[in-house]
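Following: one structure in structure tokens, then a few remarks.
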Amino acid sequence: TSHRRLLTSMYGSMLVSRAVEPGSVTLLTAPLFHIAAFCSWHNQNVVGGTQVFLPAFSAEGFLDAVQRHRVTSCILVPAMVQAICEHPQRERYDVSSLR
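With the first letter of the sequence shown counted as 1, position 28 gets the number 11 in the numbering used here; the numbers rise by one all the way through.
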């Protein structure tokens, strides 16, 4: 039944998310053992979206990946958002692709 719960969570998140559709690009910043990252990874596979993996999080790496790959969605925790907002060169990056 744990597999059923996992599938329910994945498909439920897919139903309510605009981020998961053909042509979308997801930046995976969280470890795949976390349910939110795993659902994001799985759902992009289902619709044929593109996935970009960051081996380790840094604000500069995140900003660079969003600009380079035209990322449309991602999952961030508050500490990541704070690091991005406080990055001294954040204005130099084009993140307009994020929804």
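The beta carbon of each residue, even a glycine, is placed where N, CA and C say it ideally should be.
The beta strand (DSSP E) spanning residue i covers which residue range?
i	result
Val60	Neither: Val60 is in no beta strand (DSSP E) and is coded neither H nor E.
Leu10	8 to 11
Quick check: what's the CA-CA separation for residue i versus residue j?
i	j	result
Gln50	Glu4	20 Å
Val78	Val35	15 Å
Asp47	Tyr76	7 Å
Val29	Thr12	19 Å
His(-14)	Ser(-8)	10 Å
Does the beta-carbon of residue i have 16 or more other beta-carbons within 10 angstroms, so that it is buried, or is it exposed?
i	result
Gln65	exposed
Ser80	exposed
Gly32	buried
Leu10	buried
Val54	buried
Which partner residues of residue i appear in the DSSP bridge assignment?
i	result
Thr101	This structure cannot speak to residue 101, because the chain is shown only from -16 to 82.
Following the continuous alpha helix (DSSP H) through residue i, name the residue where it begins and the one where it ends.
i	result
Arg51	42 to 52
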